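S.K.:
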Amino acid sequence: MPSPDHAAPDRTIGAGPYRRLVLRNATVIDGTGAPPYGPVDIVIEDARIHSIFVLPPLGGPRLQPHERPLTGPDGREVDLAGHYVLPGLIDAHGHIGWENHVPNAQYVYDLWLANGITTVREPGCFINGLDFVVSEARRSEANAIAAPRIHPYAGFGLDRREPFLTAADAVAWVNEVAESGAEGLKLWGYTAEIYEATLREASRLGLGSMCHHQQSYVAQVNALDSARLGLGSIEHFYGIPEALFADRRLQAFSLDYNYQHEFRRFADAGDLWRQAASPGTPKYEAVLTELLQTGVTLDPTFGVYVGLRDAERVQSSYWHREYTSPTLWDYWQPHSGAHGSFFDEWGTEQETAWRGNFTLWMAFVKDFHDRGGRVTVGTDPGSIFTLFGFAFAQELELLREAGLQPLEIVHAATLAGAELLGVAEETGSVEPGKLADLIVLPANPLSNMKVFYASHPSLESTGERLTIKDGIIYDSRALLDRVRASVRDERDTRGAPPTSS
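Residue numbering for the sequence shown follows this note's numbering, starting at 1 and increasing by one per position.
1. Count the other CB atoms, across all protein chains shown, that sit within 10 Å of the CB of Thr-493; report buried if there are 16 or more and exposed otherwise.
2. Per DSSP, which one or two residues make a beta bridge with Gly-463?
3. Using 8 Å for Cβ pairs, my map puts Asp-30 next to Glu-290. What's the rounded Cβ distance?
4. Quick check on DSSP: helix, strand or coil for Ser-278?
5. Ordered along the chain, which non-local residues of its own chain (more than five positions away) have a Cβ less than 7 Å from that of Lys-283?
6. With Lys-366 and Gly-403 assumed to form a contact (beta carbons below 8 Å), what rounded beta-carbon distance in angstroms separates them?
7. Can you find the residues in the same chain that come closer than 8 Å, C-beta to C-beta, to His-411, ignoring five residues on each side of it along the sequence?
8. If we ignore side chains and look at the alpha-carbon of each, how far apart do Gly-239 and Ala-363 end up?
9. For Phe-53, which residues does DSSP report across the bridge?
10. Going straight from the alpha carbon of Val-133 to that of Arg-62, what length do you get?
11. If I'm right that Phe-392 touches Ile-117 with Cβ under 8 Å, what's the distance once you round it to whole angstroms?
12. Does DSSP put Ile-96 in a helix, a strand or coil?
13. Go ahead and pull the three-state DSSP assignment for Asp-91.
14. With DSSP as the reference, label Gly-184 as helix, strand or coil.
15. Among Phe-343, Arg-48, Ser-317 and Ala-7, whose alpha-carbon lies nearest the alpha-carbon of Tyr-18?
16. Roughly how far, in whole angstroms, is the beta-carbon of Leu-446 from the beta-carbon of Pro-406, given that I think they are within contact range, below 8 Å?
17. Pick helix, strand or coil for Ser-254, following the three-state DSSP scheme.
18. In three-state terms, what does DSSP make of Val-133?
19. Would you call Gln-350 buried or exposed, if buried means 16 or more other Cβ atoms sit within 10 Å of its Cβ?
20. Check whether the Cβ atoms of Gly-303 and Glu-401 sit closer than 8 Å, and answer yes or no.
21. Less than 7 Å separating the Cβ of Ala-338 from some heavy atom of the ligand MG?
22. According to the Cβ coordinates, are Gly-155 and Met-1 closer than 8 Å?
23. Could you spell out where the beta strand (DSSP E) holding Ala-154 opens and where it closes?
24. Which stretch, first to last residue, makes up the beta strand (DSSP E) that contains Asp-74?
25. Over the uninterrupted alpha helix (DSSP H) stretch that includes Ser-203, give me the two end residues.
26. How far does the alpha helix (DSSP H) with Met-362 in it extend, from its first residue to its last?
27. Please report the straight-line C-alpha distance between Glu-408 and Ala-142, rounded to a whole angstrom.
28. Locate the beta strand (DSSP E) running through Pro-123, then write down its first and last residues.
29. Report the option in Asn-444, His-456, Gly-295 and Phe-452 whose CA atom is closest to the CA atom of Pro-36.
30. Answer yes or no: do Leu-450 and Leu-438 have a C-beta to C-beta separation smaller than 8 Å?
31. Go ahead and label Thr-462 buried or exposed: buried means 16 or more other beta carbons lie within 10 angstroms of its beta carbon, across all protein chains shown.
32. What's the call for Asp-470, buried or exposed, on a 16-neighbour Cβ count within 10 Å?
33. What are the residues that DSSP puts in a beta bridge with Thr-27?
34. Quick test of your reading: Trp-354 and Gly-270, contact by CB under 8 Å. State the CB separation rounded to the nearest angstrom.
35. In the DSSP assignment, the alpha helix (DSSP H) including Gly-417 goes from what residue to what residue?
36. Using the Cα positions of Asp-489 and Thr-324, report the straight-line distance between them to the nearest angstrom.
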């Protein structure tokens, strides 16, 4: 359990909730796949969207104030002419960060909220532990802290000292974490019998499931095997190429491969898609078709791997200078004990391989999506120079590179994530009756995905940029100010120059 200082303090930022909040003159992108429409007045009552009042088109008759929704006593209205309102964003793979990794949890929450993220699936509850994440999730649900909604998924074997020897061991553990507040499981694979028993028990209890198909177990259970067993989502890409092998049974590992050696692990992964069946071949089509039939979700997390095709890019991203904590920057420096911290050995050959890897990987994700598969947006922040919050807009840009259309990407970032988490009746789209989890952007994000960044040097800083969770309004710029101040204070305390990050 982390120290008390790691948990978020009681909320001191955010306006509301209001008895009645009216967002006036906005254009809506509702997350369902529908095109933008507006202007509208969005009426929020008691943290839920009460109604959406469609105004006459621009140039049409002008309504009198009494003909439009009124705020009433103790209400508030915000004029959003020229602005776009979307559902709050859902990060399907967001680690909170732990002590000696980030300064505290609030640093992470501020970055998430500033970038429009109102819901996060916490995969594994690593190091912080399940009790901590469940506590933070409940405090967020009560709006006692300024944080997105948090869905805790317990990492397989969390808090267990002994290996699983029988299926009964795994079933007992699943029940223990469910009773402790886990909403789902984060898996890596395991021996087939124990893995199958784990997924079946999770399904029986109504728990979600996600799997990073670790190389240590993928020869026993690949992504297609997992999907057949009812897995909720495939994380990253591991396990998919292995299911696509047509001329081999195992990955062609380097002869000096050691899974615990971070450089070797990621370097060899850069050659994995090349070993899989090519698009359009019988094997490729058969695997793709069956994956679609199972209903499994793909959560690619492209962004955490983008540094593998361009290490310099991720180390010099503009947001590091003002928003990356020295603690986190230090974690990313080459160190054998820190996950994903190996760039001292990374070079041209590895980057070239990974560019080819991305091409094939993105093609598969697009094929899966275009044929009806659910794709979500996850960032896996905190590793390989991937910064919380800012990584989300980067992921949207990478989905655009993969060939998804902007409206499809918005759907993946909102309603698709809500469907995966089983909360689509409550959030994920701008519709009456749903929770008032919304983002307000000062320009059309469909014409430029960079609008999703909380701050970007190529964009004007005028206009409102708001994140609304449960009807509470958070000003993105105020949240970024808090992060900047926190980073400055940490640098001053440590004597670290701004150029160190």
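Glycine included, each C-beta is placed from N, C-alpha and C at the ideal position.
Quantities reported herein were computed from a predicted structural model and do not represent experimental measurements.
M.R.: Quick answer:
1. Here Thr-493 is exposed. Its C-beta has fewer than 16 other C-beta atoms within 10 Å.
2. Beta-bridge pairing links Gly-463 to no other residue.
3. Incorrect: roughly 32 Å between the Cβ atoms, too far for contact.
4. Three-state result, Ser-278: coil.
5. These residues qualify, in order along the chain: Leu-244, Ala-246 and Ala-277.
6. The pair is a contact, with the Cβ atoms about 4 Å apart (cut-off 8 Å).
7. Hits under 8 Å: Gly-31, Thr-32 and Gly-33.
8. So the two alpha carbons sit approximately 16 Å from each other.
9. Partner(s): Asp-41.
10. Linking Val-133 to Arg-62 through their CA atoms gives a straight-line distance of about 50 Å.
11. For Phe-392 against Ile-117, the beta-carbon gap comes to about 6 Å, under 8 Å, which counts as contact.
12. For Ile-96, the three-state secondary structure derived from DSSP is coil.
13. DSSP places Asp-91 in strand when its eight states are reduced to three.
14. Gly-184: strand per DSSP, three-state reduction.
15. The residue among Phe-343, Arg-48, Ser-317 and Ala-7 with its C-alpha nearest the C-alpha of Tyr-18 is Arg-48.
16. Indeed, because the Cβ distance is near 4 Å, the residues count as touching under 8 Å.
17. Three-state DSSP puts Ser-254 in coil, outside helix and strand.
18. The answer is helix: DSSP assigns Val-133 an H, G or I state.
19. Gln-350 is buried by the Cβ-count criterion.
20. No. Outside cutoff.
21. Absence of the ligand MG from the depicted structure is noted, as is the absence of any ligand whatsoever, leaving it without description.
22. No, the pair does not count as a contact, with Cβ atoms beyond the cut-off.
23. Element bounds for Ala-154: 149-155.
24. Counting along the chain, no beta strand (DSSP E) covers Asp-74, and no H or E run does either.
25. 192-205 is the span of the alpha helix (DSSP H), which, as asked, contains Ser-203.
26. Run containing Met-362: 348-370, per the alpha helix (DSSP H) assignment.
27. Spanning the two alpha carbons is a distance of roughly 32 Å.
28. Going by DSSP, Pro-123 is part of the beta strand (DSSP E) stretching over 117-124.
29. Here the closest residue by C-alpha is Asn-444.
30. The residue you asked about is not Leu; residue 450 is Lys in the sequence shown. No, these two residues do not count as a Cβ contact at 8 Å.
31. Exposed, because fewer than 16 other Cβ atoms sit within 10 Å of the Cβ of Thr-462.
32. Label assigned to Asp-470: buried.
33. Answer is Tyr-84, bridged to Thr-27.
34. The pair is a contact, with the Cβ atoms about 4 Å apart (cut-off 8 Å).
35. Boundaries of the alpha helix (DSSP H) around Gly-417: 415-421.
36. If you take the alpha carbons of Asp-489 and Thr-324, they lie about 12 Å apart.
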